[in-house]
Amino acid sequence: MPRVKWGMDPQYTHRLAKIEAVLNAQLPETPDLPWVGGNFPALPGAVSPSLVKSLTLPGWDLISRGGKRWRPLLTTLICESLGGGDGALPLVPLVELPHNASLIHDDIEDSSDERRGKPAAHILYGTDTAINAGCFLYFLPLTCVEAWDAPLELKNAVYRLWGEHMRRLHLGQAMDIAWHRDHASLPGLNEYDLMCRLKTGCLARFAAILGIYGAAASGGISVEKVDEWAGTLGDAAEKLGVGFQILDDVKNLTTGNPGKKRGDDIVEGKKSLPVLLYLHGQKDAAALVSRCFQAARVSGIGAPEVEELIVELDRSGALAEAKARGLSLIAEAREAFLGTSSEASCGELLAGLIDSIS
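With the working numbering applied, the sequence shown corresponds to residues 463 to 820, in that order.
As C-alpha cells, this is what we get:
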C-alpha cells in the first residue's frame, strides 16, 4: 500500500510508514497460504488464496487508494505521549479497517458511484461482493488482538471495547439512514450531535483509547490509570471526530469533498448540520428543503435545485454557523490533547495533526 502523502514534518511520515506496514500485513494485496492459515485456522477443506482474494480485494483496493490515516496516527501518537512508544502500533487495524468497511457500506447505502477518486467498491466488484468484503473488514482486525503481546486483562478489555464501539457505529448509521429516508423528519440539534458522536466520533474515541491501552501494555502508564486517561482523551477524540464530520458536511456543500461531487448530500437527502440549522432557524424552510431534496433525488446531481438549496444555505448563514461549530469542537480537542500529554513533543505533533486536516 502506498504511504500517505501528508506533505508535513518527517516525524509524521515515518510513523505513517510503520502504520502502512502493519495494515499491509493485516490485509495484503495477495493473500498467501500462511496468511490464509493464520486468519482461517483449521478449515475443514482447502481454500485457495485466489478464492480468498475475492473476499479481501475490495477492502485492499479501497485502503490502497490512500486516505488521511488520522485515526491510526492518533492511536500511535497518544501511546507515545503516555510513554508507551510503539506499543499501540499492532492495534491500528482495529480503527482503520472498520473505518474503510463503513465507507464501502456507506457508498452502497447512499448509491454513491465514487470513492477517493475512483469507482466505489460495489461498482467495481458488485454489490454482493462489496457488502461481504465490507463486513469482513469489521472482523478481520480482531486477529491483531490475538497476536498482541499484552496481558489477558488488557486483551479482553480491547475485545469488549471493539464490540461496544462497533455497535455504536452502526446505531449512528441507522439514525442517519432513517432521517434521510424520511424527508419529513426533523431531528433536533441534540439528536444530530448524538448521531455524529455515534457514527463518526466513536471511531475517533476508540482510536484514542487503543493508544492508551497500548501505553498500559508497554508500561507507559499503570493499568489503574487507563480509565482516567480514556475519559479525558476519549472525550477529546470524540469531539475531534464530530468536528471533522461537520466540516466534511460543510465542504460537501461548498467546495465538494475529494472523490465525491459537490452537493451529493442533497441528492441523498442527508440531514447534515447546515440543513438542520436552516430548518430550525428559517420560517417556511421545510417546504424549500423538501422540494429540493425531492427534485435532486429524481434528477440527480445536475438538478438545478441542488444549487438552489446550497445558495439558500449560504445566504441564511447556516453554512457559516455549522463551520464555526466544527472548528470550535476541533479547537477544544486540540487544547485537551496539548494539556494532557506528558510528552511535549508528542503533544505538539497531536496539535499539528489536528491543524493539518481541519
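Built from N, CA and C at the ideal position, the CB exists for glycine as well.
All of these numbers come straight from a predicted model, not from anything done at the bench.
By how many angstroms is the C-alpha of residue j removed from the C-alpha of residue i?
i: A692; j: D575; result: 38 Å
i: P464; j: E491; result: Its pLDDT being 38, under 50, P464 is placed unreliably in this model, and the value from its coordinates should be taken loosely. Straight-line Cα distance between these residues: approximately 12 Å.
i: R573; j: T605; result: The identity of residue 573 in the sequence shown is Ser, whereas the question assumes Arg. Each residue's Cα considered, the two are about 31 Å apart.
i: W468; j: E482; result: Any reading at W468 must be qualified, since the residue scores a pLDDT of 46, below 50, and its modelled position is unreliable; the value itself is stated next. Their Cα atoms are separated by approximately 13 Å.
i: C754; j: L553; result: 44 Å
i: E690; j: D727; result: 38 Å
i: R724; j: G731; result: 14 Å
i: H584; j: L519; result: 12 Å
i: H632; j: A504; result: 31 Å
i: G579; j: N618; result: 39 Å
i: G625; j: D746; result: 43 Å
i: H561; j: E774; result: 32 Å
i: N714; j: I772; result: 10 Å
i: G459; j: L556; result: Nothing can be reported for residue 459: it is not among the residues displayed for the chain, which extend from 463 to 820.
i: S526; j: R577; result: 12 Å
i: E810; j: L702; result: 16 Å
i: L791; j: S512; result: 46 Å
i: L485; j: D548; result: 15 Å
i: H627; j: R777; result: 38 Å
i: C541; j: P493; result: 30 Å
i: G500; j: A487; result: 12 Å
i: A793; j: H476; result: 26 Å
i: L672; j: D644; result: 36 Å
i: A670; j: I639; result: 27 Å
i: P472; j: T662; result: 28 Å
i: D568; j: Y587; result: 15 Å
i: E783; j: G743; result: 11 Å
i: E615; j: G545; result: 20 Å
i: G507; j: N594; result: 21 Å
i: F668; j: K785; result: 25 Å
i: A646; j: V760; result: 17 Å
i: G779; j: Q756; result: 23 Å
Let me check one thing: in DSSP terms, what residues is residue i bridge-paired to?
i: K580; result: R577
Ignore the nearest five residues each way along the sequence and tell me which others in residue i's own chain have a CB closer than 8 Å to its CB.
i: L815; result: Y474, W532, L535, L536, L539
i: Y621; result: L604, V607
i: P581; result: D575
i: T589; result: I570
i: F502; result: V509, V514
Skipping 5 residues on each side, what residues in its chain have a beta carbon closer than 7 Å to that of residue i?
i: A813; result: R796, F799, L800
i: P496; result: none
i: L781; result: V712, L715, T716, P736, L775
i: L738; result: P649, L651, Y654
i: L741; result: L648, A747, A748, V751
i: V688; result: I674, Y675, A678
i: G762; result: V729
i: E770; result: C754
i: V498; result: V509, P511, V514
Taking 7 Å as the cut-off, decide whether the C-beta atoms of residue i and residue j are in contact.
i: I708; j: G650; result: no
i: Y600; j: A550; result: no
i: R629; j: C664; result: no
i: A636; j: A666; result: no
i: W641; j: K733; result: yes
i: L559; j: L623; result: no
i: L524; j: F598; result: no
Within its chain, find whatever has a CB closer than 6 Å to the CB of residue i; leave out the 5 residues flanking it on each side and keep chain order.
i: W522; result: L489, E491
i: A758; result: I728, V729, A765, E767, V768
i: I566; result: A583, A592, G596
i: V509; result: none
i: V685; result: A678
i: A612; result: A679
i: G705; result: G788, L791, I792
i: G634; result: M657, L660, K661
i: D817; result: none
Could you confirm whether any beta carbon from chain D is found closer than 7 Å to the beta carbon of residue i?
i: L800; result: Among the protein chains of the structure shown there is no chain D, as only one such chain exists.
Original post:
So does the segment 678-690 actually touch the segment 642-659, counting three or more Cβ pairs closer than 8 Å?
Top reply: The segment 678-690 vs the segment 642-659: no contact.
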